[in-house]
Amino acid sequence: MAYLGLFLTAFVAATLLPAQSETVLAGMIVAGYTPWLLVVVASIGNVLGSTVNWWLGREAARFSHHRFFPVKPAALARARAWYGRYGKWTLLLSWLPVVGDPLTLAAGVMRERLRVFLLMVSIAKTARYAVLAVVAARYA
Numbered sequence: 666m667a668y669l670g671l672f673l674t675a676f677v678a679a680t681l682l683p684a685q686s687e688t689v690l691a692g693m694i695v696a697g698y699t700p701w702l703l704v705v706v707a708s709i710g711n712v713l714g715s716t717v718n719w720w721l722g723r724e725a726a727r728f729s730h731h732r733f734f735p736v737k738p739a740a741l742a743r744a745r746a747w748y749g750r751y752g753k754w755t756l757l758l759s760w761l762p763v764v765g766d767p768l769t770l771a772a773g774v775m776r777e778r779l780r781v782f783l784l785m786v787s788i789a790k791t792a793r794y795a796v797l798a799v800v801a802a803r804y805a
């Protein structure tokens, strides 16, 4: 049941909703749970949550020509040009607080391929949890 709680916390933390999966992961390591399994569970949950953001961005892009769309066409064109230059590599920053979740949403708006998205986000999210697990294990 504890692993399910970590999975759900990591999933929610990757969406635009506030949650702290890192604290849960570190606490579970200190409590004696298996670190590598915690990293796997948290990473899967977090990547799936990020994929929800990607999908929401992809769906929201369908409305970009409407007046109520929050981004003006000129700004969207600049963002597409910027993403065309740096795009998929910015997803390696998806682990960062505050900017990471919006990056995954932007990837959907910019029509990043799901395969590329999953690869980059999986690398970023898993690396973050692995580093956190190593640090937490030193204090367990």
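Residue numbers for the sequence shown, in the numbering used here: 666 to 805.
The beta carbon of each residue, even a glycine, is placed where N, CA and C say it ideally should be.
- Taking C-beta atoms as the reference points, Ile709 and Ala798 fail to come closer than 8 angstroms.
- In the DSSP annotation of this structure, the continuous segment of the alpha helix (DSSP H) that includes Leu671 starts and ends at 667-679.
- When the five nearest sequence neighbours on each side are left out, the beta carbons in the same chain lying within less than 6 angstroms of the beta carbon of Val781 are those of Lys753, in order along the chain.
- Counting along the chain, Thr699 sits inside no alpha helix (DSSP H), nor does DSSP assign it H or E at all.
- From the listed residues Lys790, Leu783, Arg732, Tyr748, the smallest Cα separation to Leu758 is found for Lys790.
- Taking 8 angstroms as the upper bound for CB-CB distance, Val774 and Gly714 are not in contact here, some 17 angstroms apart.
- Within the region 762-788, the complete alpha helix (DSSP H) runs of at least 4 residues fall at 765-774.
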